[in-house]
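Engineer:
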Amino acid sequence: MKKIRYWYSSLPLSSKITLLMALLITLLAGSFSLFSISFFNQAYSHETEQIARQRLELFAENLDRDLLAINNQIIETSTMPLFVRTIQRALEVPSKDLETLVNFQQFFKRIADSSPLIHSVHVITKDDILYSPYEQTSRTLGNDLSHPSLSHLQKVTLLPGGQNPFAPSRKSVPIVVALNLLGTSSYLELTNNLAADVFLIILLDEQVLLEKINSPGSAFFSYTNTLLFQGVPLLPEAPESDSAMIRFATPTQINGLELMMSIAKRSYKPLVAFMIIITIITALLVTGGGSVLISRISRHITSPFSAMTKMVKEMETGSYEFDIKPRYADETGTLIEGMNSMYHTIIQQMRQIKEEEQQKYRYLSQMLTEQINPHFIYNTLEIINMEVINGRQENASDMIATFAAFLRHTLNQGEDTTTLAQELEHCRKYLSIMNTRLGLQILIFDDIAPHLELFEIPKSILLPLVENAIRHGFETSSMQAQTVEHPSITITAKQKGDRYSIGVIDNGTKGIDIEQAYKALNEKSAQSGHIGLNNVLNRLKLYFDDVEAHVSSIPGYRNAITFTFSIDPDRGAPSGIAALAE
80 MKKIRYWYSS
90 LPLSSKITLL
100 MALLITLLAG
110 SFSLFSISFF
120 NQAYSHETEQ
130 IARQRLELFA
140 ENLDRDLLAI
150 NNQIIETSTM
160 PLFVRTIQRA
170 LEVPSKDLET
180 LVNFQQFFKR
190 IADSSPLIHS
200 VHVITKDDIL
210 YSPYEQTSRT
220 LGNDLSHPSL
230 SHLQKVTLLP
240 GGQNPFAPSR
250 KSVPIVVALN
260 LLGTSSYLEL
270 TNNLAADVFL
280 IILLDEQVLL
290 EKINSPGSAF
300 FSYTNTLLFQ
310 GVPLLPEAPE
320 SDSAMIRFAT
330 PTQINGLELM
340 MSIAKRSYKP
350 LVAFMIIITI
360 ITALLVTGGG
370 SVLISRISRH
380 ITSPFSAMTK
390 MVKEMETGSY
400 EFDIKPRYAD
410 ETGTLIEGMN
420 SMYHTIIQQM
430 RQIKEEEQQK
440 YRYLSQMLTE
450 QINPHFIYNT
460 LEIINMEVIN
470 GRQENASDMI
480 ATFAAFLRHT
490 LNQGEDTTTL
500 AQELEHCRKY
510 LSIMNTRLGL
520 QILIFDDIAP
530 HLELFEIPKS
540 ILLPLVENAI
550 RHGFETSSMQ
560 AQTVEHPSIT
570 ITAKQKGDRY
580 SIGVIDNGTK
590 GIDIEQAYKA
600 LNEKSAQSGH
610 IGLNNVLNRL
620 KLYFDDVEAH
630 VSSIPGYRNA
640 ITFTFSIDPD
650 RGAPSGIAAL
660 AE
């Protein structure tokens, strides 16, 4: 819900008005459509129900005529003395004889001729002996129609349809009639006992039965009829679920037998569908036409506000160059003129502030760069002087050349930045001077990723770190080197993902007081004994983003001060003074 509210609040004013009015029209059109659809649906549903019930009663009457004809023939046959004697003989003789078979064939034909629904007639005795019109075949009625399987049935029972055992390509619906002999009399009766003497089985042809109770659909619907006996379906039902069907049932004259009609809702014929389509098309046309009209009206009303919105966006991106002239002399025109005037005033002030900030950062960078320890200059000049006095003119000349190159790089006013390769060379010159001054033999190495050699950093940014490495790693109060077999300083530069790092590592025995080093990073003076760490940190913050300092120390093995930072992707590198100076 919050996302929807945010999306709506972000829409232009004209779109909001159009959306609200279109929604209102859509709701009205939708309500009208639903009412119309409901009305037509109810009207035709009622008519469909009336027609369906009339058809169902007609089908039931036709079916009753055939079933009553079968019932009357069964009653008539059951009262014939010859049929009763044939039943008695079938019960007395454990095996079939020719006379019994011939008599049964006569009665089977008599019953089958009573209705075209009948496929065949059979008798099963309590000894499970089958008498059938198909005596010359080895087929049987199957286990489902054996005497043990039917022993629980009473009187007249209709069973669900299944495969006809004597005509595999067809299906049949069995009518099972349970009969008992009345003692030694010549009468048969429908039995209520669970063990009948014989079962008269009449197989109704399912296909003929379906044709009897079904006919082509009406102009309003299509349907499927089926038979239910005591609630159990005898014929295949419509495949749709109950929710997709409308069902009607009517009883027949056979006790427990019902005829049920299933009408698929989707089969309601074209008139309802046509009216619904017309209603929907009308609603869509009204909605579409109303939306277009409302859109034009809302754009006309909100066009001045759209112009002001465009002005604000162009002002934000700095692409607004020409004044938008108001089209109307109303309140919106006054607002546009006021915004034009305000924009020009703001632009002038921003340019002035930007120029002042650029100048400020230039002065600050120059000041931080030029914070060179004057004692270093004095002591270096003193060493050169001593070399000249002692007649070592060549050494003095080398020191002067090195010192001059060092100062040229440091005091160059033309550039604020330098490459890592140039900064490394600058540090080499400084270390050469310090080795001569202090009588040391410190080696300098680099561990710089090849693709970072031309990476630009603030000028002289690594020099304070090298100076600290000499002071805290190798220099003593007597100006003599501590005992380190191979004193060295390593300048590092790495990249990991979007993070960069530069730093200085030494193997001096004095190590770094980590607590004092972090304190020095937050102090502007060098009272903590760590020269220029705050200077380095502040200068890096002028150029890069998310600058962090890391200090670690294992005396005699590895003492490191490393700075990590990232580059602003919108401004490139460096992102400080160089970007402001553009």
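Here the sequence shown is numbered in the working numbering, starting from 80 and rising by one per residue.
Even glycine gets a Cβ: it sits at the ideal position worked out from N, Cα and C.
#1: What are the residues that DSSP puts in a beta bridge with residue 244?
#2: Less than 7 Å separating the Cβ of residue 235 from some heavy atom of the ligand MG?
#3: Nearest to residue 256 by alpha carbon, out of 224, 615 and 246?
#4: Just to confirm, is the Cβ distance from residue 204 to residue 233 under 8 Å?
#5: I'd like the span of the alpha helix (DSSP H) that includes residue 226, first residue to last.
#6: Please return the same chain residues whose Cβ sits closer than 6 Å to the Cβ of residue 525, not counting the five positions on each side in sequence.
#7: Using 8 Å as the threshold, is the C-beta distance between residue 202 and residue 279 below it?
#8: What is the DSSP secondary structure of residue 309, counted as helix, strand or coil?
#9: Threshold first: 3 residues or longer. Then list the beta strand (DSSP E) segments lying entirely within the region 472-529, N to C.
#10: Beta-carbon separation of residue 640 and residue 630 under 8 Å?
#11: If you drop the 5 nearest sequence neighbours on each side, which residues of the same chain put their C-beta closer than 6 Å to that of residue 314?
#12: Alpha carbon to alpha carbon, how far is residue 88 from residue 572? Give it in angstroms, no decimals.
#13: If you count every other CB in all the chains shown that lies within 10 Å of the CB of residue 83, and 16 or more means buried, which is it?
#14: Beta-carbon within less than 7 Å of residue 466's beta-carbon, same chain only, minus the 5 sequence neighbours each way: which residues are those?
#15: Rounded to a whole number of angstroms, what is the C-alpha to C-alpha distance between residue 587 and residue 563?
#16: Pick out whichever of 428, 326 and 113 has its Cα sitting closest to the Cα of residue 134.
#17: List the DSSP bridge partners of residue 624.
#18: Just to confirm before moving on: does the CB-CB distance between residue 358 and residue 115 stay below 8 Å?
#19: Using the rule of at least 16 other Cβ atoms within 10 Å of the residue's Cβ for burial, across every protein chain shown, is residue 424 buried or exposed?
#20: Does the beta-carbon of residue 488 have 16 or more other beta-carbons within 10 angstroms, so that it is buried, or is it exposed?
#21: So, for residue 293: in the same chain, excluding its five sequence neighbours on each side, which residues have a beta-carbon less than 6 Å away from its beta-carbon?
#22: Under 8 Å Cβ to Cβ from residue 149, same chain only, skipping five residues before and after it: list those, please.
#23: When the Cα atoms are used, what is the spatial distance from residue 513 to residue 392?
#24: Could you check how far apart the C-beta atoms of residue 156 and residue 186 are, in whole angstroms? I think they sit under 8 Å.
#25: Tell me whether residue 166 is buried or exposed, calling it buried when 16 or more other Cβ atoms sit within 10 Å of its Cβ.
#26: Per DSSP, what kind of secondary structure is residue 552 in: helix, strand or coil?
#27: Indicate the three-state DSSP secondary structure (helix, strand or coil) for residue 369 in the structure shown.
#28: Who are the Cβ neighbours of residue 105 in its own chain at under 7 Å, not counting the five residues just before and after it?
#29: When the distance is taken between beta carbons, is residue 582 closer than 8 Å to residue 642?
#30: CB-CB under 7 Å to residue 554, same chain, minus the five flanking residues each way: which ones, in chain order?
#31: Who are the Cβ neighbours of residue 266 in its own chain at under 7 Å, not counting the five residues just before and after it?
#32: Would you kindly work out how many angstroms separate the C-alpha atoms of residue 179 and residue 309, rounded to a whole number?
#33: What is the DSSP secondary structure of residue 327, reduced to helix, strand or coil?
#34: Between the alpha carbons of residue 644 and residue 412, how many angstroms are there, rounded?
#35: Could you give the residue range of the beta strand (DSSP E) that holds residue 579?
#36: So is residue 505 buried or exposed if we call it buried at 16+ other beta carbons inside 10 Å?
Structural biologist: Looking at the atomic coordinates:
#1: Along the sequence shown, one-based indexing puts residue 244 at 165. The partner list for residue 244 (beta bridge, DSSP) is empty, contrary to what the question assumes.
#2: Although the ligand MG was asked about, the structure shown includes no ligands whatsoever.
#3: Start at 1 with the first residue of the sequence shown, and residue 256 comes out as number 177. That would be 224, whose Cα lies nearest to the Cα of residue 256.
#4: Position 125 of the sequence shown, counted from the start, is the residue given in the question as residue 204. Position 154 of the sequence shown, counted from the start, is the residue given in the question as residue 233. Cβ distance not < 8 Å, so residue 204 and residue 233 don't count as in contact.
#5: Locating residue 226 in the sequence shown gives position 147, counting from the first residue. Residues 226-229.
#6: What you label residue 525 is simply residue 446 of the sequence shown in a count that begins at 1. In its chain, beyond the 5 residues on either side, 503 and 570 have a beta carbon closer than 6 Å to the beta carbon of residue 525.
#7: The residue labelled residue 202 in the question sits at position 123 within the sequence shown. The residue labelled residue 279 in the question sits at position 200 within the sequence shown. Yes, they are a contact pair.
#8: The sequence position of residue 309 within the sequence shown is 230, counting from 1. It is coil, neither helix nor strand.
#9: Counting whole runs of 3 or more residues, the region 472-529 contains the beta strand (DSSP E) stretches 496-498 and 522-527.
#10: The residue given as residue 640 occupies position 561 in the sequence shown. The residue given as residue 630 occupies position 551 in the sequence shown. Cβ atoms of residue 640 and residue 630: closer than 8 Å.
#11: For the purposes of this step, residue 314 is taken as the residue at position 235 of the sequence shown. Within the same chain, residue 314 has close Cβ partners 240, 305 and 306.
#12: By one-based count along the sequence shown, residue 572 stands at place 493. By one-based count along the sequence shown, residue 88 stands at place 9. Between residue 572 and residue 88, the C-alpha separation is close to 49 Å.
#13: If you number the sequence shown from 1, residue 83 lands on position 4. So residue 83 counts as exposed.
#14: Against the sequence shown, residue 466 aligns to sequence position 387. The residues are 474, 475 and 478.
#15: Taking the first residue of the sequence shown as 1, we reach residue 587 at position 508. Taking the first residue of the sequence shown as 1, we reach residue 563 at position 484. The alpha-carbon atoms of residue 587 and residue 563 are separated by roughly 7 Å.
#16: Looking up residue 134 in the sequence shown gives position 55. Selected option, being the one with the closest Cα: 326.
#17: Looking up residue 624 in the sequence shown gives position 545. Its beta-bridge partners are 645.
#18: Start at 1 with the first residue of the sequence shown, and residue 358 comes out as number 279. Start at 1 with the first residue of the sequence shown, and residue 115 comes out as number 36. Going by C-beta atoms, residue 358 is nearer than 8 Å to residue 115.
#19: Locating residue 424 in the sequence shown gives position 345, where the first residue counts as 1. The residue is exposed, with fewer than 16 neighbouring Cβ atoms inside 10 Å.
#20: On the sequence shown, position 409 is the one that residue 488 refers to. Classification of residue 488: buried, given that the 10 Å Cβ count is 16 or more.
#21: To locate residue 293, count along the sequence shown from 1; it is residue 214. Non-local C-beta neighbours of residue 293 in its own chain, meaning closer than 6 Å and more than five positions away in sequence, comprise 304, ordered along the chain.
#22: Numbered from 1 along the sequence shown, position 70 holds the residue referred to as residue 149. 190, 193, 194, 196, 197, 254 and 281.
#23: For this step, residue 513 is matched to residue 434 along the sequence shown. For this step, residue 392 is matched to residue 313 along the sequence shown. When rounded, the distance between both Cα atoms is 58 Å.
#24: Here residue 156 refers to the residue found at position 77 when the sequence shown is read from its first residue. Here residue 186 refers to the residue found at position 107 when the sequence shown is read from its first residue. Right, their Cβ atoms sit about 6 Å apart.
#25: Indexing the sequence shown from 1 puts residue 166 at position 87. Under this definition residue 166 is a buried residue.
#26: Working through the sequence shown from its first residue, we reach residue 552 at position 473. Note: residue 552 maps to helix in three-state DSSP.
#27: Taking the sequence shown and counting its residues from 1, one reaches residue 369 at position 290. Three-state result, residue 369: helix.
#28: The residue you call residue 105 lines up with position 26 of the sequence shown. These residues qualify, in order along the chain: 366.
#29: The residue you call residue 642 lines up with position 563 of the sequence shown. The residue you call residue 582 lines up with position 503 of the sequence shown. Yes, they are a contact pair.
#30: By 1-based counting over the sequence shown, the position of residue 554 is 475. Contacts found: 517.
#31: The residue given as residue 266 occupies position 187 in the sequence shown. The beta carbon of residue 266 sits closer than 7 Å to the beta carbons of 163 from its chain, once the five residues preceding and following it are set aside; these are given in chain order.
#32: Within the sequence shown, residue 179 is the residue found at index 100, counting from 1. Within the sequence shown, residue 309 is the residue found at index 230, counting from 1. Roughly 35 Å separates the two Cα atoms.
#33: Position 248 of the sequence shown, counting from 1, holds the residue named residue 327. Residue 327: strand per DSSP, three-state reduction.
#34: Looking up residue 644 in the sequence shown gives position 565. Looking up residue 412 in the sequence shown gives position 333. If you take the alpha carbons of residue 644 and residue 412, they lie about 49 Å apart.
#35: Taking the sequence shown and counting its residues from 1, one reaches residue 579 at position 500. Boundaries of the beta strand (DSSP E) around residue 579: 578-585.
#36: Here the question's residue 505 lines up with position 426 in the sequence shown. Buried, since its Cβ has 16 or more Cβ neighbours within 10 Å.
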